[in-house]
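Single-structure report; data block below.
Protein chains: 2
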Amino acid sequence: MKSTPEFKVERITTTGTLTDRVFDALKQLINGEDFQPGSRLPSELKMASRFGVSRTVIREAVSRLKSEGLVESRQGSGVFVRDRNMHAPFRIDPSIMDSVQSVLQVVELRLSLEGEIAALAAKRRTREQMVAIKHALKQIELDEQAGKDGVEADIVFHRSIAEATGNPHFLALIEFLFNFLIKATLITRSYEATKAALSQQVKEEHLRIVDAISRQDPEAARLAARQHMEGASRRLGSVDLKRFIAQSESQDSH
Amino acid sequence: MKSTPEFKVERITTTGTLTDRVFDALKQLINGEDFQPGSRLPSELKMASRFGVSRTVIREAVSRLKSEGLVESRQGSGVFVRDRNMHAPFRIDPSIMDSVQSVLQVVELRLSLEGEIAALAAKRRTREQMVAIKHALKQIELDEQAGKDGVEADIVFHRSIAEATGNPHFLALIEFLFNFLIKATLITRSYEATKAALSQQVKEEHLRIVDAISRQDPEAARLAARQHMEGASRRLGSVDLKRFIAQSESQDSH
DNA sequence: CTTATTAAAGTTGTCATACAACATTACATG
DNA sequence: CATGTAATGTTGTATGACAACTTTAATAAG
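Chains as they are written, first to last, in my numbering: chain A, 227 to 480; chain B, 227 to 480.
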């Protein structure tokens, strides 16, 4: 059992509750070089003293670290840094989504996945799933005609395709990525709506995907989905994103 | 502001600390149908009473829910279920990794990504990154000669390719997936090591990937990486996984 | 001296109480 | 009815106590 490394507390400067702040500080500490897997954090009382907060705050912060899979506690013994494990989640730090580059990186990840998702959907889709996909595509059109932004309908469309992969992880991951791309999707769709030619192109791209899935042609589906996402990425890149990102930030600060 | 829905507490039966158990129960409740985004959880005191635990336990559990992005608290007002947001993590439930099908589904997700990663690495890799990739490939061989299982070296190899994408999300996501596939990788490599012909095939697959990246040929890199991962998946599928999964489970129960 | 047993100290998990800071509701006044 | 004040309710934090467990230290026995 490794000894408790030297505990260096830097002044907590972030905003939020004390628990939030201690959690952030401990997380950084653990992700640093001093606390290797297996090493033991100082006792709750010592940490409370070091941070200048009550034991309650420490316990709440440590409870969160446990949820992140970063530590495990053993009653009577202490709190220990965990090895790489299946409990740690995959996250994208929301605070980085204030740069155009970061948005495009997330878009790129999604782009990579959508091609694969469409190919698998073409292989595995059931009749019912095909009906749902076609219905979702139709709903995009109905929403547009009703004057809506179409973002939710677009998400439902892509979700219906991900469901047809029969692999829940594709669905969960794409849903996860939607969270980061709602604003970007809104931007893209707004831009596409300003030009009839673009709008038509997007419809055709969607149709090509659906057609390939219907025909159960994975290669065509992959290609169509990639081309659609690449087109969307290009269209996103041709819009001045900064204005929208500034809005996004003010919205998130409530 | 929506009213607080009816609060139905089912007897907590799972193991772990009370905080763990209340957290699980609340999470299920929130993911159910009664608590829509915007709705308010009962007050801490009421939940403590309902669950038959102290307010401390509730607070610790709610602190975790906040970390999961599932709720937000407003001092003086209450705890509210959040909309879809960028704070919620992507997780794969470790408990499902006890079935062969689930392992193969995670493998499939990784398979999809590795092709895209290799293609991007071929487009973007720097000289230094190319050196690191070749070095990592050499290290696999050295580890095998030293009698090691080669799992860590294999991970380092794939990691070096993901780094060459220049997109941190691919790297982070593939690292995340490694956590679930360590055992499967061990199984595959063990099986591959039992037959000289297989072992040679894997080396050639690796070489083909590295060659394509070196030549900066994205299509060849994508194809080579997909073929390698498909081969690995087939090889994994031809092993009796159940024995190993049983072992994995007993290891995780400490 | 070595080994085994017991006691003491330390640590996490939970409970209870109190107060600060904030929000909501109820009541009184013009 | 609108406005202001008081009362009540809720989250955030601190403190103290005790239970359940682990580790270390002290003591007794061979």
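Glycine included, C-beta positions come from ideal geometry on N, C-alpha and C.
May I ask which residues mark the beginning and end of the alpha helix (DSSP H) holding residue i?
| i | result |
| --- | --- |
| Phe249(A) | Leu244 to Asn257 |
| Val333(B) | Val326 to Arg350 |
Roughly how many angstroms lie between the CA atoms of residue i and residue j, to the nearest whole one?
| i | j | result |
| --- | --- | --- |
| Thr391(A) | Val329(A) | 26 angstroms |
| Leu412(B) | Val465(B) | 12 angstroms |
| Arg341(B) | Arg448(B) | It is worth fixing the name first, because residue 341(B) is Gly in this sequence and not Arg. Rounded to the nearest angstrom, the two C-alpha atoms are 4 angstroms apart. |
| Ala419(A) | Ala344(A) | 24 angstroms |
| Ser299(A) | Leu255(A) | 17 angstroms |
| Lys409(B) | Ile366(B) | 17 angstroms |
| Val377(A) | Thr414(A) | 9 angstroms |
| Val428(A) | Met455(A) | 10 angstroms |
| Ala451(B) | Pro444(A) | 18 angstroms |
| Glu431(A) | Val332(B) | 29 angstroms |
| His327(B) | Thr241(B) | The sequence given here has Gln at residue 327(B), not His. Gln327(B) and Thr241(B): Cα-Cα distance of roughly 26 angstroms. |
| Gln262(B) | Ala348(B) | 45 angstroms |
| Leu244(B) | Glu270(B) | 15 angstroms |
| Ile238(B) | Arg247(B) | Here Ile238(B) scores only 46 on pLDDT, less than 50, and its place in the model is too uncertain to base an answer on. |
| Leu462(A) | Arg434(A) | 21 angstroms |
| Ala458(B) | Glu370(B) | 17 angstroms |
| Ser321(B) | His313(A) | 10 angstroms |
| His384(A) | Ala423(B) | 42 angstroms |
| Asn393(A) | Ser386(A) | 12 angstroms |
| Asp380(B) | Ala438(B) | 18 angstroms |
| Asp309(B) | Ser303(A) | 39 angstroms |
| Met323(A) | Gly258(A) | 23 angstroms |
| Phe561(B) | Phe316(B) | Look at the range of chain B in this structure, 227 to 480, and you will see that residue 561(B) is not part of it. |
| Ser325(A) | Lys421(B) | 50 angstroms |
| Arg351(A) | Lys360(A) | 12 angstroms |
| Gln442(A) | Ser425(A) | 26 angstroms |
| Glu354(A) | Ala446(A) | 21 angstroms |
| Ala388(A) | Leu368(A) | 21 angstroms |
| Val307(A) | Gln301(A) | 15 angstroms |
Using a Cβ-Cβ cutoff of less than 8 angstroms, which residues in the same chain neighbour residue i once the five nearest sequence positions on both sides are dropped?
| i | result |
| --- | --- |
| Leu339(B) | Phe396, Leu399, Ile400 and Leu403 |
| Lys253(B) | Leu291, Glu294 and Leu296 |
| Glu334(B) | Ser459 |
| Arg336(B) | Ile400, Leu403, Leu407 and Met455 |
Can you give me the Cβ contacts of residue i inside the same chain, cut-off strictly under 7 angstroms, excluding the 5 residues immediately before and after it?
| i | result |
| --- | --- |
| Ser280(B) | Ala274 |
| Ser440(B) | Met356 |
| Val382(B) | Ala362 and Gln365 |
| Arg460(B) | none |
| Gln453(B) | Glu431 |
| Tyr417(A) | Arg461 and Val465 |
| Ala358(B) | Ser386 |
So, at 6 angstroms on beta carbons, what are the nonlocal neighbours of residue i in its own chain, with the 5 sequence-adjacent residues on each side left out?
| i | result |
| --- | --- |
| Phe249(B) | Ala287 and Arg290 |
| Leu267(A) | Val305 |
| Asn311(B) | Gly295 |
| Lys228(B) | Residue confidence is low: Lys228(B) scores 48 on pLDDT, short of 50, so the model does not pin down where it sits. Its coordinate-derived value is still stated next. Gly264 and Ser265. |
| Arg285(A) | none |
Length-filtered (4 minimum) alpha helix (DSSP H) runs lying within the stretch 262-311 of chain A: 270-277 and 281-293
Which runs of the alpha helix (DSSP H) spanning at least 4 residues fall entirely within the stretch 369-451 of chain A, listed in chain order? 377-389, 394-419 and 422-440
Using a beta-carbon distance cut-off of less than 7 angstroms, what residues from the stretch 396-410 of chain A approach chain B? Phe396, Ala398, Leu399, Phe402, Asn405 and Phe406
Could you please tell me which residues of the stretch 293-327 of chain B, in chain order, have their CB closer than 8 angstroms to any CB of chain A? Ser293, Glu294, Arg310, Asn311, Met312, His313, Ala314, Pro315, Phe316, Arg317, Ile318, Pro320 and Met323
What residues from the stretch 377-395 of chain B come within 9 angstroms of chain A, judged by C-beta to C-beta, listed N to C? Thr391, Gly392, Asn393, Pro394 and His395
Chain-ordered residues of the stretch 245-276 of chain B with a beta carbon less than 9 angstroms from chain A: Thr245, Asp246 and Phe249
Using Cβ-Cβ distances below 9 angstroms, what residues of the stretch 334-356 of chain A are close to chain B? Glu334, Leu335, Leu337, Ser338, Leu339, Gly341, Glu342, Ile343, Ala345 and Leu346
Going along the chain, which residues of the stretch 444-468 of chain B sit with their C-beta nearer than 7 angstroms to a C-beta in chain A? none
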